[in-house]
Amino acid sequence: MMLEKNLAKKGIITDSVKIAAQKEQISPEKLACSVAEGKTVILKHKGGSVVAIGESLRVKVNTNIGTSPDVCDIDFELEKLRTACRLKSDTGMDLSTGGDLDRIRKIIVQESPVPVGSVPVYQAMIESIEKYGTIEKMKEDELFEVIERHARDGISFVTVHCGITLSSLEILKKRTRKTGIVSRGGAFIASWMAMTGKENPLYSNFERLLELASRYDLVLSLGDGLRPGCIADASDNLQMSELMTLGHLTQKAWEADIQVIIEGPGHIPLNHIIPNVQLAKTVCHGAPLYLLGPIVTDIAAGYDHITSAIGGALAAWAGADFLCYVTPSEHLGLPTVQDVEEGVVASKIAAHAADIARGHSFARNQDDRISEVRYSRNWKEQEKLVINPEKFRRIRESQKVYSDEVCNMCGKYCAMKIIDETIKKIGL
Ligand code: SF4
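When the count follows the numbering used here, it moves up by one through the sequence shown with no breaks and lands on 437 for the last residue.
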């Protein structure tokens, strides 16, 4: 298997790099250079789509879908996937934990127009519970076998919680945290380690993971299993110790030409966001940074797509490259299709706002184009340019307007119409 990173290091411009460079409006040579350095990763979907994530590129958004033990309906999940893709989510992750996980994953990969990621440790642990009645009995070989199954099925990137170690458990035992471990994969791995007394196989056997990844050019998303789950736990020693481990593993992965993404928190207050992003970028040598949220307050269950968009915009402006969406159902339940719509839009807004601040002219041009047609009250053109045309149309159609030239906010006192007519009549 020819590895994307190795080819980039040799100066070979692959078709994937060409496609991604065209989408990003940068030169393929510049993009290949960034891939060679590890500062950009190329995600390839077996259906043909390519997404580049990293330094100086447009900020990307991921949408999580997937069944739970209580709600297991593949059609429901596919509807969420279609909704996310209509709203231009750049990637999707299958986080299924209920039903026939192999079948669900294959269908999602098949139906997805964008690269799909997964968290194989969920399935490894669930299969262990089904087979042995406990996660304690899960064998290391079984964990690696599930990761390989996902790669073979066309998964483009996997979250692997390699940074939790036995020394992390020593810190965890001091019970300094309010919310312990909130990462599902992190909780599985830590519990397995605590029960068996063994080191995390994803850490102790990292070379085996790299060898597996090299067979499929699988991108490793080094998971933040110890991410803070509340504001009180933000930037604590558990989070930082995991980050240091991920920095070390990033270099090992790069030596094997494996592409790496670094996952980050989580719940962090606004004033921690810029230092957190800068630290993660420094410790992990500039590898692409993938943040869940971040969620900037704990009090907004039901509105966490908003709290995460606030954090996401600031984080992406500070240098994060990839935002994992959060829905209004976060902390409450499995998202509905409507929740997915709200979550993707919120993250896309955060990403776009950061793109403007990062100086991407194509992002700024989009705003300039819409401002022109907004001033001329050209509703049809505005609808084509907004982030969610369907909602734009719904609101517009629900309003009673006395003239198509205005909306019913100001009606006949429409400020833009008044000044436009004044300029035309007497000039200013
Ligand atoms: S009526 Fe008011 S809100 Fe509506 S387009 Fe005119 S200025 Fe804007």
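All residues carry an ideal CB built from backbone N, CA and C; glycine is no exception.
DSSP state of residue i mapped onto helix, strand, coil
i, result
"G3", "Any property of residue 3 remains undetermined from this structure, which presents the chain solely from 10 to 437."
"K146", "helix"
"D103", "strand"
"C94", "helix"
"T49", "strand"
"I62", "strand"
"I454", "Given that the chain is displayed from residue 10 to residue 437, the structure contains no residue 454 and the question cannot be resolved."
"V335", "coil"
"S36", "coil"
"K19", "coil"
"G9", "Missing from the structure shown is residue 9; the chain here goes from 10 to 437 and no further."
"G126", "strand"
"K357", "helix"
"K187", "coil"
Beta strand (DSSP E) segment containing residue i, residue limits
i, result
"A30", "From DSSP, A30 is part of no beta strand (DSSP E) but of the alpha helix (DSSP H) over 24-33."
"E272", "269-273"
"V167", "166-169"
"L231", "228-231"
"L298", "298-301"
Alpha helix (DSSP H) segment containing residue i, residue limits
i, result
"G321", "313-327"
"L175", "175-182"
"L437", "Per DSSP, L437 belongs to no alpha helix (DSSP H) and is neither H nor E."
"Y131", "129-141"
"R112", "110-120"
"A289", "279-292"
Rounded C-alpha distance that separates residue i from residue j
i, j, result
"M425", "Y312", "33 angstroms"
"V410", "I404", "12 angstroms"
"A196", "W326", "31 angstroms"
"K55", "L394", "30 angstroms"
"G328", "H340", "27 angstroms"
"V217", "F401", "One point to set straight first is that residue 217 is Arg, not Val, in the sequence displayed. Approximately 50 angstroms, taken between the alpha carbons."
"F153", "S370", "43 angstroms"
"G352", "K433", "42 angstroms"
"S176", "K32", "43 angstroms"
"A199", "K187", "17 angstroms"
Own chain partners of residue i with C-beta closer than 8 angstroms, once the 5 adjacent residues on each side are dropped
i, result
"K140", "K146"
"A372", "R67, H361, D364, I365"
"G107", "T76, S77, P78, D79, V80, C81"
"I458", "Given a span of 10 to 437 for the chain in the structure shown, any question on residue 458 remains unanswerable."
"G57", "none"
"I315", "A309, A355"
Own chain residues within Cβ distance below 6 angstroms of residue i, not counting five before or after
i, result
"A17", "A41, V44, A45"
"V59", "S25, I28, A29, K53"
"D384", "Reading off the sequence, residue 384 comes out as Tyr, not Asp. M425."
Nonlocal neighbours in the same chain, by C-beta distance under 7 angstroms from residue i, ignoring five residues either side
i, result
"D226", "M10, L12, E13"
"S165", "L52, K53, H54, P124, V125, G126, V228"
"A359", "A318, G321, A322, A325, L332"
"W201", "I144, E145, M147"
Self-check item: In chain order, each beta strand (DSSP E) run of at least 3 residues that lies wholly inside the segment 190-276
Solution: 228-231, 269-273
Quiz item: Counting only runs that start and end within the segment 377-418, where is the alpha helix (DSSP H) found for 4 or more residues in a row?
Solution: 388-394, 398-407
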